[in-house]
Each structure stands twice: as structure tokens, then as C-alpha cells.
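Following: one structure in C-alpha cells, then a few remarks.
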Amino acid sequence: MNEENLRRIQAITEAALLAAGKPLNLDQLRELFDEHERPARQVMEHVMCQLAAACDGRGFELKKVASGYRLQVREEYAPWVGRLFEERPQRYSRALLETLALIAYRQPITRGEIEEIRGVTVSSNIVRTLLEREWVRVVGHRDVPGRPAMYATTRQFLDYFNLTGLDQLPPLSEVRDLEEIGREIEKNMQAEIEFEAGGPAPEPDDVAGDDAGDADSADHQTLH
Amino acid sequence: MNEENLRRIQAITEAALLAAGKPLNLDQLRELFDEHERPARQVMEHVMCQLAAACDGRGFELKKVASGYRLQVREEYAPWVGRLFEERPQRYSRALLETLALIAYRQPITRGEIEEIRGVTVSSNIVRTLLEREWVRVVGHRDVPGRPAMYATTRQFLDYFNLTGLDQLPPLSEVRDLEEIGREIEKNMQAEIEFEAGGPAPEPDDVAGDDAGDADSADHQTLH
Amino acid sequence: MTDDTMSNTAPAEVTEPAVASGSADQSGMPLARVSGKPLVDLPKDLYIPPDALAVFLEAFEGPLDLLLYLIRRQNMNILDIDVSEITRQYMDYISAVEAMRFELAAEYLVMAATLAEIKSRMLLPRQESEDDEESDPRAELIRRLQQYERFKKAAEDLEEIPRMERDTFAGSAALPRLPNSQPHPEVDLKEILYALQGVLMRADLFTSHHVEREKLSTRERMSAILSVLSGDSFVSFESLFTPEEGRLGVVVTFLATLELIKEQLVEIVQTEVFGQIHLRARAAN
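For the protein sequence lines, the chains are A, B and C, in the order given. Using numbering that gives the first Met the number 0, you'd call the opening residue of the first sequence number 0 and step up by one each time. Using numbering that gives the first Met the number 0, you'd call the opening residue of the second sequence number 0 and step up by one each time. Using numbering that gives the first Met the number 0, you'd call the opening residue of the third sequence number 0 and step up by one each time.
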């Protein structure tokens with residue numbers, strides 16, 4: 000494929016992404032071409048690299064998100080561009096964000112399970128908002144009494160937050176293993192007793208020491 | 000105003016035009032800037048010239064229209080971009096298929112005769128659709144009051160259905176025993192309806208094919 | 000979603016500045032602590048302006064959130080909660096809220112009961128012999144606090160991720176004139192037959208008409224002849240026949256012509272006996 004041809008494919012790709020105003024994946028882009036001129040996937044990938052480079056120094060950039068590629072305004076210009084819109088960008092309540100975070104990191108999860116971790120009722124409004132925004136969807140029902148709906152995040156959720164996959168979410172903080180906590184508490188108690196008895200004090204590091212046997216470290220690592 | 004500043008204004012302008020989705024005039028663009036940094040009109044005009052030049056060889060161009068400037072997909076790429084908006088073809092109505100069947104079997108036939116057999120009016124839309132598709136054509140006019148057009152099927156009709164002649168159509172006496180076919184068609188239609196009702200989910204897998212993780216996947220597997 | 004704006008500001012307004020959790024590490028802690036006699040200064044008793052109370056409660060996402068706040072404000076490590084102190088402060092809030100007759104979510108009361116129970120169990124003499132992990136009554140509470148805290152943090156992280164309509168905007172350009180290329184629906188021949196069957200059933204054509212296979216090719220030929228005759232002029236009878244079709248083709252054309260004449264679709268003219276026969280479409284006149 001010669002240079003001129005590649006440039007044409009690149010221009011068509013840029014035109015299509017701007018016409019769509021939403022992400023398009025490689026195959027959707029390739030479908031725009033007639034069979035006899037359709038670029039191979041590798042060619043298309045090369046074109047996307049070229050296009051990304053061609054956006055250097057401009058007002059927009061090529062971003063890869065879950066549903067494909069999107070041309071979007073560079074973050075650094077959001078303060079000016081944002082003035083185009085009368086309404087302030089919507090803010091989301093902590094309740095909503097916590098619910099969303101639980102669904103994102105713990106999917107599939109039921110409302111009851113969310114409530115158990117948050118320690119409060121999840122209002123129907125929040126669930127409805129998340130469903131309406133198409134950030135979450137029902138992916139099934141847990142086989143327990145009441146058959147509660149299980150929620151998972153959607154591709155739109157990832158697109159909205161500029162992510163290509165769940166693995167791009169910030170890692171969850173660590174949770175200390177309960178057994179470890181038990182041992183530590185025991186050790187502290189022991190130390191206190193010794194302190195009262197005039198014995199040696201434990202190193203503070205022991206208390207907050209690194210825990211290799213972290214029960215939840217499994218998902219901590221996979222989220223990296 | 001130095002070069003760097005001008006480039007920044009140009010990038011912000013481009014970003015704003017791409018985000019606005021509608022034409023913006025010079026004053027609207029200038030309003031995006033704080034008073035202390037707001038470019039003069041002449042500067043802004045200069046920036047627009049620069050921006051227009053910067054769109055050379057790309058998928059879009061800067062257009063001046065009545066209400067201001069807008070970025071527009073280049074017309075030369077319309078054939079490709081247009082495919083984004085091709086709708087999934089609709090199904091033909093039962094009324095259309097019945098009309099077509101009667102023209103095939105009873106040609107040459109007038110609209111009045113079709114209506115007589117079907118017991119209901121044949122809408123002009125149906126006739127127009129069949130004519131546009133070039134499956135039927137007017138072969139003459141019956142010499143009765145109103146001189147109604149007589150319709151017959153075309154070569155394209157035969158080609159589409161892989162027939163060499165109308166005599167390859169099953170005789171009417173066999174059409175009577177089509178229960179089997181009927182059931183088959185009902186089943187296909189049902190399947191299609193279900194497919195369409197499936198919502199945004201049944202996007203092909205290739206959306207996430209090039210990604211590390213699939214957002215829509217319900218289970219924890221994707222976290223790994 | 001009124002609580003979102005308050006969540007960031009309310010705790011700091013209402014009380015003394017909260018200690019950031021990041022600074023609540025062990026460096027400021029005594030090397031050891033004696034139950035009931037921590038070696039750090041206890042904060043002064045809480046004072047909450049009454050009208051701020053509602054706002055204050057709305058700032059919390061439930062009892063776990065309130066507890067976390069109290070713990071952080073005390074510079075405590077979650078793993079080493081002073082249950083009596085936390086319980087005392089928690090109860091202060093609850094009773095203040097109740098005194099103001101604000102509606103209190105049931106979860107807050109459940110937590111109050113849980114804290115009271117843990118506190119009382121902590122006061123009981125420890126039984127050394129029992130297995131340690133199970134015996135610390137705080138364990139379950141600590142587990143829940145930790146679990147909640149990590150998702151509270153995750154929600155904060157989520158808030159920071161650049162998102163559409165706030166940190167970036169989808170780029171779109173106006174469309175040029177696009178070609179009108181609406182694709183045609185696909186049709187299966189079977190669908191047409193099925194449709195025909197429906198018509199026939201309704202019209203009861205099965206009994207009143209006898210349409211034969213041969214008849215169909217005749218009708219096709221009728222259409223063909225009609226389209227030849229579409230002009231205004233006469234066409235010679237012979238020119239309608241194609242000898243290459245053979246005898247059958249000639250017969251079909253002949254039958255078709257007869258049918259057209261019968262249906263008065265064509266007119267036939269012969270100017271002299273045994274002379275040329277000409278046809279033309281009647282409607283063309």
C-alpha cells in the first residue's frame with residue numbers, strides 16, 4: 000500500500016470519526032471501505048498510529064476507549080471549551096459514585112451486596128440513574144430467594160470514563176487479612192502487657208507491617 | 000501576540016468547534032477566553048485563516064457559513080462516511096409481498112384487480128416501492144375508464160429470485176401446501192425480532208477484540 | 000443529589016479540621032497504648048451547631064462513613080480502634096441528632112447497638128484459652144470498616160478519572176451532503192409464496208380459478224408482448240414470434256396473443272384477406 004493510499008485512508012478515518020461523534024472500532028472503520036479497497040487490520044492499526052501522531056499540537060486527540068477510537072477535545076482545553084455549555088458538568092453524589100465503584104470493581108453484584116458493604120440502603124434513584132445513563136446493566140439474577148438482579152458495568156461506562164477496559168481502573172487499596180489483624184491485635188495486647196510490666200516495646204512497623212498474605216490481594220493485582 | 004500564543008488560541012478554537020457541533024461566530028469564540036487573554040477580532044480572523052490552512056489534507060475542513068464557522072467533513076469522503084448512517088434495511092410489509100405475488104402470478108394486472116383479490120386498497124407507496132426497486136413495471140394500460148396501468152414483473156425480479164422465467168414459480172396448486180414454508184418464515188421473523196430487541200449488547204465481539212478487557216462481560220474473569 | 004456538594008465541605012465546617020487520613024500514620028502514636036489510657040490527647044467534646052446537624056448527617060454516607068470520619072479525626076488506625084472512645088463519640092452524634100428530632104436512618108441505630116455490644120464484650124475479662132482471631136469482638140467491625148473504606152477510596156478515584164463532558168468532549172464535525180444509499184430489504188421467494196397463500200386463502204381463489212403452470216408462462220408472454228406494443232404504432236404479428244424458441248415458444252406466444260385479444264388489451268388489424276396482421280395496445284390510443 001503506497002503512501003498516498005495510506006493518507007487517503009487516514010483522512011477517511013478522521014472524517015468518519017468526526018462524522019460519527021462517538022467511538023468506532025477498527026472493524027467498523029474497515030467496513031466503510033468497499034471490499035476491494037478494504038485495508039487489512041494491520042494497515043488500519045498503522046493508520047490509527049499515524050492519525051494519533053497527526054493530532055499532535057491540535058485541539059483534539061485520538062483516544063482509544065472500550066468501544067473503539069474517538070476523536071476528542073484535549074483535556075487541557077476543557078476549561079475553555081466547557082464555556083460553550085451553559086450547564087455546568089453534572090456532579091455525581093458520593094452515594095452514586097460509591098455504588099458505581101462497587102459495581103465496577105465487584106461485578107456482578109446485587110443491590111443487597113452493595114448495601115452490605117456500604118452499610119446503608121442504596122436508593123432506587125441511584126440505580127435508575129446508573130441504568131438510564133447505561134453505565135450499568137442487569138446481567139442476571141442471583142439464585143437466592145427473591146432472585147435479586149446482578150449488575151455489571153457497560154462499555155458505555157468505560158467510554159465515558161475514557162477507559163479501554165476494567166483493568167485500567169485505579170487499583171483498589173489493600174485490605175488486611177482478618178487473621179493477620181487478629182494476630183496483630185494479639186501482639187499489641189501482648190506488648191501492652193509487657194509495657195505495663197516494663198518490658199521491651201514492639202517496633203511500630205510491626206503494627207502496620209506489610210502483609211504478604213492479603214486475602215484480597217488477588218483482585219488488587221489483577222486490577223493493575 | 001507571539002507564535003506560541005497564537006497556536007494555543009488556534010487549538011482552543013479547533014477544540015471548541017469540534018465540541019460545539021454547530022457553527023460558532025468570531026465573537027462566540029472570543030467569549031471563550033477570559034477578558035485578559037481575549038484575542039482581538041483581527042487576531043481571531045488571522046487564527047481562522049491559520050486553522051483553515053491546518054485542515055489541508057485532513058478529513059475535515061473549515062467552512063464559513065451564515066452563522067459563523069464550522070468544521071465539516073470533506074465532501075469527497077461522503078461516500079465512505081455515508082455508510083455510517085446506512086440503516087439496517089427494513090422488512091417489506093405483508094401487503095407489499097402480497098401485491099408482488101399477485102403481480103407475478105396474475106400479470107398483467109391493474110391495481111384495481113389486485114385490490115379486488117386482496118379485498119383492501121393497495122397503497123401508492125407499495126406500488127412506488129416495487130417500481131423503484133425495478134421488480135415491476137407498467138406494461139400498458141387497460142382500456143377501461145380511467146385507463147389504469149397494468150403491471151408485470153421484470154427481468155430484475157427474475158434475476159433477484161434466481162429464476163429464468165415465471166414458469167419456474169411454483170404453480171398455484173402447490174402454493175396451497177405451503178404450511179411448512181409458513182412455519183419456517185414465522186420462525187425466521189421471530190428470530191430476527193429477538194435479535195433486534197437484544198439491545199446494544201449484541202455488537203460484535205471485535206469491539207473488544209483489540210482490547211485487554213471487555214467491559215460488558217459480566218463476570219470477574221475480565222478483571223484478570 | 001444535593002448531598003454531593005455538601006459532602007466535601009460539611010465535616011470541616013462543623014467540627015475542628017479533620018485530620019487527613021494520610022497523616023494518621025503511626026508516627027504520632029505512642030509506642031504502646033494502655034486500654035482506657037491512650038497517650039494521645041483526646042479531642043475536646045464535640046460541639047455541633049444545631050442547624051448544621053442536618054447538613055452534617057447528609058454529609059455522611061451512613062454509619063460506616065461516620066465511624067471512619069471519627070476514627071480518622073482521632074488519628075486512630077482502623078486496625079487499632081479504641082472502641083469505647085469511638086462509641087462515646089458516635090453516641091454523642093446520634094443523641095444530638097435524635098434530640099433535634101431529625102429523621103435518622105435505621106442503619107445508624109443498628110450500628111449504635113453493635114458498638115455498644117462490642118464495647119461491653121471488650122470490657123469482659125479476656126479468655127486466653129479461646130482462639131484469638133474469633134475472640135476479638137472488634138474483628139467484624141474492622142473488616143467492614145476496611146472494606147467500606149477501600150470502596151470509598153475507589154469512588155474518589157472514579158471521580159478523578161477524566162470523563163466526558165467535564166474533562167473532555169467528543170469531537171464531531173458537520174456532515175457534507177451524503178449519498179442516499181438506503182439498502183433494500185432482502186426478500187426470500189418463500190415469503191412471496193407465503194404471502195400469496197394468504198391472499199389466495201382469503202380470496203378463495205383455489206376454487207374459482209384454475210391457474211396452471213402453462214398458463215403462467217402464457218401470462219409472462221402476455222406481459223412481454225404488451226411491452227413490445229408499448230409504443231403508439233402497430234407491430235406486425237409475425238415479429239412477435241421468435242422461431243429460435245421452437246414450436247412450444249410459438250404456441251405460447253400465440254396463446255398469449257389470443258388471451259390479450261380476449262381481454263381486449265390489444266387491437267388487431269388486418270387490412271386485406273391474407274394480408275399482414277398488425278397489433279397495437281389498445282391503451283396506447
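C-beta atoms are modelled at their ideal positions from N, C-alpha and C, and glycine is treated no differently.
Residue i, DSSP secondary structure in three states
i, result
"A/G20", "coil"
"A/R93", "helix"
"B/R154", "helix"
"C/H183", "coil"
"B/F32", "coil"
"B/M43", "helix"
"B/R6", "helix"
"B/G81", "helix"
"A/F160", "coil"
"C/V109", "helix"
"A/F59", "strand"
"C/A280", "strand"
"A/T120", "coil"
"A/V143", "coil"
"C/E266", "strand"
"C/Q73", "coil"
"B/I11", "helix"
"C/S235", "strand"
"C/R137", "coil"
"A/V72", "strand"
"C/V272", "coil"
"C/H209", "With a pLDDT of 45 at C/H209, under the threshold of 50, the modelled position of that residue is not reliable, and the figure given next carries that caveat. Three-state DSSP puts C/H209 in coil, outside helix and strand."
"C/A194", "helix"
Buried versus exposed call for residue i [16 or more other C-beta atoms within 10 Å across all chains shown]
i, result
"C/V272", "exposed"
"A/F84", "exposed"
"A/N24", "buried"
"A/Q189", "exposed"
"C/L247", "exposed"
"B/G56", "exposed"
"C/G61", "buried"
"B/H118", "This sequence places Gly at residue 118 of chain B; His is not what is there. Result: exposed."
"A/N161", "buried"
"C/D64", "buried"
"C/D135", "buried"
"C/M200", "exposed"
"C/K151", "buried"
"B/T153", "buried"
"C/E190", "buried"
Residue i vs residue j beta-carbon contact at 7 Å
i, j, result
"B/I102", "B/Y159", "no"
"C/D166", "A/E74", "yes"
"C/L195", "B/V135", "no"
"C/I141", "C/I85", "no"
"B/F59", "A/L28", "no"
"C/A280", "C/L239", "no"
"B/V72", "C/P175", "yes"
Nearest-angstrom Cα separation, counted from residue j out to residue i
i, j, result
"A/G145", "B/P22", "53 Å"
"A/E2", "A/V42", "12 Å"
"B/D33", "A/E30", "44 Å"
"A/E13", "B/R82", "14 Å"
"A/M47", "A/A15", "13 Å"
"C/L67", "C/L144", "7 Å"
"B/G67", "A/P88", "25 Å"
"C/I276", "B/T128", "38 Å"
"A/L131", "A/Q155", "It is Glu, not Leu, that sits at residue 131 of chain A in the sequence shown. Going from the Cα of A/E131 to the Cα of A/Q155 covers about 11 Å."
"A/Q9", "A/R37", "13 Å"
"A/G224", "A/V137", "The structure shown does not extend to residue 224 of chain A, since chain A is modelled only from 0 to 223, so the question has no answer here."
"A/S92", "C/E158", "10 Å"
"A/L171", "C/Q146", "10 Å"
"C/V265", "C/H183", "35 Å"
"C/L257", "B/E114", "26 Å"
"B/R40", "A/L157", "40 Å"
Nearest-angstrom Cβ-Cβ length linking residue i and residue j, presumed shorter than 8 Å
i, j, result
"C/L103", "C/V96", "5 Å"
"A/I125", "A/T98", "5 Å"
"A/R69", "C/A169", "6 Å"
"C/A58", "A/A100", "So it is not a contact: roughly 18 Å between Cβ atoms."
Beta-carbon neighbours of residue i, restricted to chain E and to distances below 9 Å
i, result
"B/P144", "Among the chains of the structure shown, chain E does not appear; the protein chains present are A, B and C."
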